[in-house]
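Written below as structure tokens is the structure these notes are about.
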Amino acid sequence: MIIEALIAVTLVGALVTFVAPNRIAGKLAFAISLVPAAISLWLFTAFDGSGNALVDGELAFESRAPWIELGEYTISWFVGLDGISLPLVILTTILCTLAIVSSWTPIDERESQFYGLVLFIEANLIGVFTALDFFLWFVFWEAVLIPMYLLIGIWGGPRRKYAAIKFFVYTNVASLVMFGAFIALVFGLGDVTSFALPEIADAMRNGGPDGLFGLSGTALASTVFVAMFLGFAVKVPVVPFHTWLPDAHVEAPTPASVLLAGVLLKMGTYALLRFNFTMFPNQVETYALAIAAIAVISVIYGAMLALAQTDLKRIVAYSSVSSMGYVILGLVAYTQFGVGGATFQMVSHGLISGLMFMAVGVIYNATHTRMVTDMSGLADRMPIAVGVLVAGAFGYMGLPLMSGFAAEYFIFFGAFGSELLSYSPLFTGLAMFGIVIVAGYLLFALQRTVFGPYRLETDYDVGRAPAHDVASMVVLLGLIIVLGVAPELIFDMITDAVDPILQGGDL
Amino acid sequence: MAVVQLPEWAALAPALILAGTALVLFLLDSIDPHSTNRTLLSGVAVVGSLSSLAVAVWFSAAGVGATGIENYGVIDIMGDQFVVDRLALYFMIIIAAVTTLVAVASHDYLRDHTYQAEYYSLVILAATGMSMMAAANSLVTIFIALELTSLPSYALVAILKDNRGSVEAGLKYFLIGALSSAIFVYGISLVYGATGSLQLEAIATGLGNAGEMGGLLGLGILMLIGGIAFKTASVPFHFWAPEAYEGAPAPISAFLSSASKAAGFVLAFRVFTTAFPLDATTDVIGVEWTWAFVVLAIVTMTVGNFAAATQENVKRMLAYSSIGHAGYVLIGLAGLSTGAADSVMGAAMMHLLVYGFMNTGAFLFVGLAEYWGVGRTFEDYSGLARQAPVACAAMAVFMFSLAGFPLFGGFWSKYLLYTAAIEAAADNAAMLVVAGALVVNSALSLYYYSRLVKALWIEDPVLDRDRLAQPTGLYAAVIAAAVITVLILPAFDPIANAALEAAAAIVP
Chain A
1213 MIIEALIAVT LVGALVTFVA PNRIAGKLAF AISLVPAAIS LWLFTAFDGS GNALVDGELA
1273 FESRAPWIEL GEYTISWFVG LDGISLPLVI LTTILCTLAI VSSWTPIDER ESQFYGLVLF
1333 IEANLIGVFT ALDFFLWFVF WEAVLIPMYL LIGIWGGPRR KYAAIKFFVY TNVASLVMFG
1393 AFIALVFGLG DVTSFALPEI ADAMRNGGPD GLFGLSGTAL ASTVFVAMFL GFAVKVPVVP
1453 FHTWLPDAHV EAPTPASVLL AGVLLKMGTY ALLRFNFTMF PNQVETYALA IAAIAVISVI
1513 YGAMLALAQT DLKRIVAYSS VSSMGYVILG LVAYTQFGVG GATFQMVSHG LISGLMFMAV
1573 GVIYNATHTR MVTDMSGLAD RMPIAVGVLV AGAFGYMGLP LMSGFAAEYF IFFGAFGSEL
1633 LSYSPLFTGL AMFGIVIVAG YLLFALQRTV FGPYRLETDY DVGRAPAHDV ASMVVLLGLI
1693 IVLGVAPELI FDMITDAVDP ILQGGDL
Chain B
382 MAVVQLPEWA ALAPALILAG TALVLFLLDS IDPHSTNRTL LSGVAVVGSL SSLAVAVWFS
442 AAGVGATGIE NYGVIDIMGD QFVVDRLALY FMIIIAAVTT LVAVASHDYL RDHTYQAEYY
502 SLVILAATGM SMMAAANSLV TIFIALELTS LPSYALVAIL KDNRGSVEAG LKYFLIGALS
562 SAIFVYGISL VYGATGSLQL EAIATGLGNA GEMGGLLGLG ILMLIGGIAF KTASVPFHFW
622 APEAYEGAPA PISAFLSSAS KAAGFVLAFR VFTTAFPLDA TTDVIGVEWT WAFVVLAIVT
682 MTVGNFAAAT QENVKRMLAY SSIGHAGYVL IGLAGLSTGA ADSVMGAAMM HLLVYGFMNT
742 GAFLFVGLAE YWGVGRTFED YSGLARQAPV ACAAMAVFMF SLAGFPLFGG FWSKYLLYTA
802 AIEAAADNAA MLVVAGALVV NSALSLYYYS RLVKALWIED PVLDRDRLAQ PTGLYAAVIA
862 AAVITVLILP AFDPIANAAL EAAAAIVP
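Same order as they appear, the protein sequences are chains A and B.
When you read off a place in the first sequence, starting at 1, and then add 1212, the result is the number in the numbering used here.
When you read off a place in the second sequence, starting at 1, and then add 381, the result is the number in the numbering used here.
Below you can see the structure in the form of structure tokens.
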């Protein structure tokens, strides 16, 4: 019942915050969000599960109850945690708390609605990472869309309406494609009468569908695999479906960007791992080269796009495209270190990109500009905030002893030795070249903005950042370093859950 | 083990309570004709419709009308002129629930209105008619119930008599309504001529002797479909709906588009399953009448949704969207020729129930906006969420639910319709087209529904508004509808199964 409590506390908190007076909404939401954060940390200490939730796993905190029975099909309330979902749940609760803190300064209108929506997103994100029934999962998955659409549309920048609608249309159309494909798959699986993901995964790995509407079983499986990959790829996003991301990021208010990059993008890769890479081992083998090509293109192209930007927030936004490319590469490597590293990178990128967006937000709050060309020597005026920003950037570049290094090392190590992926050294090498570009644009941006003599053409008095903003960034930096120094804190549970995936199918 | 043996006609209690309430309202009005005690009047209406709801729910839970249980079962009244079964009770629940919401909301909406008692008694009378439509089992009682619903509705649409739009809408509604009543009653007479009977089961048996009158019967059936299409605002008799819904007071628009539509559909469900069994009718008239509904369903949902997408006026948008939803429900009749007949009809009934809350709520929100006097176009609605966040959150729930977004009831009932149509497609490939149209139209509808959400939440207000009042009744109704639209989700299993069971009982 602890997962239900986690979701319920957050949902009720969202309702309470939504109707609370604006004056206290920020502090109230912070206080409420501490509860799920504390519960999720307790989940971490009490975690006692092994294996993969979908493949012969022993689940922690599992609960299952029939919900809707329609004809022969059963939809159930089915939640549980394994080593892949638990780190993401913790990431969600911690980032949401910090995002709420980082909203105190920039959000100055309709606060209660803002914080209510943030908590509502948090509840649904926890749902996405814990749900093990397709319908339950899909409800949470889609429910994240509405509040994010509103967060961007109401509190965003000048082009917020365009960005919000683009975000909504892209991701919703992708979800519908994925939904239709998955339902067709379940109908095609003759023996399966429930939408519980473990049962579907088992059926997929032991023979696959019989076929539907004249499509043969293999053709159906391939079609579904491709449709679902496209559906999730938009959310990730990979090139060429990435165009909604910079718009959404640049227009979104800082805390929404933090959540968008930190957690929402992980929904896409998490779903890819859970659905495509767990349920369809044979199709992964068939399409490995194409997926790897997409991953490498995302890494290189995303990084080059970032290199070309002059808006600090756009730089960070595009960098997500290349970071998520690494995740895809790790997944398609289909080795313990590849898939495990990809999961680790999801957490790591959540922390680092969250930190970077917060830092950009702090700089923007102080200077009211985000253009690299307008800034210089910020380190003189806001030493601590800039220090954290520089540290975060180093984490992004993969400096040892920070989580980014561990994640990328795992991925490259796993991808290099991949047996499934032909020419894996070539793909790995190309992807590693992405790191050079990442270091290039980050150093380039840092050099122009924070170093050198202070020279900023603005009417605002640029001073030290507020303590609460710095505090939340320091917490994130601390987590990045902790995971960098001791990746086994979560990597062990991740590999526990990843190993069963790799032994399935007739590979 | 019945301690008190109730007389048989007591099974009609949900409708009779409504009729009694209308009489009480008349009585109150005759005691004090110019009463402005709207709390008393709306209170009576609310208590009446709530009791009707409670009795219907109680009957339904106690198993009245359930087949296969001893001492219970389908109850026939007045020589089979009325029948109380699961289907009747299911729709009595929908109708009473919508009536309650409308009565609660009208309390504030009618603040300065002169004809308070008349308004409530007309609403309750129309609800009585709808409730009777749910139970009517003969073309005579059906026609009486239909007219009992229609006549108060005409007056209600025109009740804002100082408002030209309202009066004009009432007139149009009345003229088209009179025409379709004429068509309907002519259809009845043709059916009578062909089969020699008006009672639905007797018509079905009479079909065997109607061999040479296939053309006559076919024409009669077509005319009955016309009358039903009018009542449910389906193409081609949908033209009155946008005008009437726009001109009418918003609670009446809610009432007509939810409850009246549901009543029209229960009529169609009962007449076509009981009186015109598919095989026997096909032998006489030569074509399967389900084809008419296949075409009507596709055309209605497409016309409704495309027209809704181009509207600037919120109420008209909702009116056209309600035509689109009639198209979805028509799938329930279109799939009757297949092996999945009970699933499609059950899904259609489920959709009507969910629709009863989400659509009523949406129109009542429009009523709230009219109460505030904010205007009628999307632009006028801009930025309302700044001043009324809770009501606008409820409206967002209705819009996303109508569009079929997964978090809310609307998604589930549409999903049920979709899978039922796919199931039916195994026997009739045309159902695949219907299912496709459902998906495409649903996806399209997200565009105009989210446009309203965008106006409310994201756009900046075009003008400064004064502080908005918070009328208790309207707020209570809107929020209750929103809460139920969300709560249908956890309770989906029993509700959907009740609908499927009711459908299975009448599908031959």
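Note that beta-carbon positions come from the ideal geometry of N, C-alpha and C, so glycine has one too.
Handout entry: Coil, strand or helix - Trp1316 of chain A by DSSP
Key = coil
Exercise for the section: Specify the secondary structure class of Val771 of chain B as computed by DSSP and reduced to three states. Expected result: helix
Practice task
Report the neighbours of Phe1444 of chain A on chain D: residues whose CB is nearer than 7 Å to its CB, in chain order.
Solution key: The question asks about chain D, but that chain is absent: this structure's protein chains are A and B.
Exercise for the section: Determine the direct distance from the alpha carbon of Ala640 of chain B to that of His732 of chain B, and round the result to whole angstroms. Expected result: 13 Å
Exercise for the section: Answer yes or no: do Tyr709 of chain B and Leu798 of chain B have a C-beta to C-beta separation smaller than 9 Å? Expected result: yes
Handout entry: Under 7 Å (Cβ pairs) to chain B, residues found in the region 1341-1364 of chain A
Key = Phe1350, Val1351, Glu1354, Ala1355, Ile1358 and Leu1362
Handout entry: Pro1278 of chain A - DSSP class collapsed to helix/strand/coil
Key = strand
Handout entry: Below-9 Å beta-carbon distance, Ser639 of chain B vs any chain A residue
Key = no
Exercise for the section: Give a yes or no on whether 9 Å exceeds the smallest Cβ distance from Ser1275 of chain A to chain B. Expected result: no
Practice task
Determine the closest residue to Ala1578 of chain A out of A:Leu1255, A:Tyr1361, A:Asp1681 and A:Gly1423, with distance taken between C-alpha atoms.
Solution key: A:Asp1681
Problem - Under the three-state DSSP convention, the category Ser1262 of chain A falls into - result: strand
Handout entry: DSSP-derived helix/strand/coil call for Asp1268 of chain A
Key = strand
Exercise for the section: Could I get the ranges of all uninterrupted alpha helix (DSSP H) runs contained in the region 1488-1569 of chain A, with 4 residues as the minimum, in chain order? Expected result: 1493-1519 and 1524-1545
Exercise for the section: Work out the CA separation of Phe1492 of chain A and Phe1425 of chain A for me, nearest whole Å. Expected result: 21 Å
Handout entry: CA-to-CA distance, Tyr567 of chain B to Ala625 of chain B, given in whole angstroms
Key = 25 Å
Exercise for the section: Out of A:Gly1269, A:Ser1252, A:Thr1317 and A:Leu1271, point me to the one whose CA is closest to Leu1300 of chain A's CA. Expected result: A:Ser1252
Problem - Cβ-based contacts, 7 Å cut-off: residues of the region 1316-1345 of chain A near chain B - result: Arg1322 and Gln1325
Handout entry: Residues, ordered as in the chain, of the region 858-885 of chain B that lie near chain A by beta-carbon distance below 7 Å
Key = Phe873, Asp874 and Ala877
Practice task
Give me the Cα-Cα distance between Thr1481 of chain A and Ala1445 of chain A, rounded to the nearest whole angstrom.
Solution key: 8 Å
Exercise for the section: Could you name the residues of chain B that Trp1456 of chain A contacts, counting a contact when the two beta carbons are closer than 8 Å? Expected result: What Trp1456 of chain A touches in chain B: nothing, since even the nearest Cβ is about 16 Å away.
Handout entry: Helix, strand or coil at Asp1611 of chain A according to DSSP, with G and I counted as helix
Key = A quick correction: the sequence has Leu, not Asp, at residue 1611 of chain A. Here Leu1611 of chain A sits in coil by DSSP.
Handout entry: chain A residues whose Cβ lies nearer than 9 Å to that of Trp672 of chain B
Key = Residues of chain A passing the Cβ test: none, with the nearest at roughly 23 Å.
Handout entry: Start and end residues, beta strand (DSSP E) containing Val465 of chain B
Key = Phe463 to Val465
Practice task
For Glu1281 of chain A, decide whether its Cβ has a neighbour in chain B, counting only Cβ atoms nearer than 9 Å.
Solution key: yes
Problem - Residue burial classification, Leu868 of chain B (beta-carbon count within 10 angstroms, cutoff 16) - result: exposed
Exercise for the section: Entirely within the region 469-557 of chain B and at least 4 residues each: give me those alpha helix (DSSP H) ranges in chain order. Expected result: 497-516 and 520-538
Exercise for the section: Output, in chain order, the set of chain A residues within a Cβ distance shorter than 8 Å of Pro889 of chain B. Expected result: Here the premise fails: no neighbours, minimum Cβ distance about 20 Å.
Handout entry: Short CB-CB distance (under 9 Å) between Gly1392 of chain A and chain B
Key = yes
Practice task
Mind reading off the beta-carbon distance from Ile523 of chain B to Ala517 of chain B? Whole number of angstroms is fine, and I expect it under 8 Å.
Solution key: 4 Å
Problem - Exposed unless 16 or more other CB atoms sit within 10 angstroms - verdict on Met1213 of chain A - result: exposed
Problem - Run of the alpha helix (DSSP H) containing Trp670 of chain B, from where it starts to where it stops - result: No alpha helix (DSSP H) holds Trp670 of chain B; DSSP gives it neither H nor E.
Handout entry: 9 Å Cβ cutoff, Phe786 of chain B in contact with chain A
Key = yes
Practice task
Put Asn452 of chain B into one of helix, strand or coil per three-state DSSP.
Solution key: Confidence in Asn452 of chain B is poor, its pLDDT being 48 and thus under 50, which makes the residue's placement unreliable; the coordinate value appears in the next sentence. Asn452 of chain B falls in the coil class under three-state DSSP.
Problem - Neighbourhood of Asp808 of chain B by C-beta, 6 Å cutoff - its chain only, sequence neighbours within 5 removed - result: Thr719 and Gly720
Handout entry: Candidates A:Leu1329, A:Ile1296 and A:Ile1302, of which the one nearest Ile1312 of chain A by Cα
Key = A:Leu1329
Problem - Cβ of Pro533 of chain B within 9 Å of any chain A Cβ - result: no
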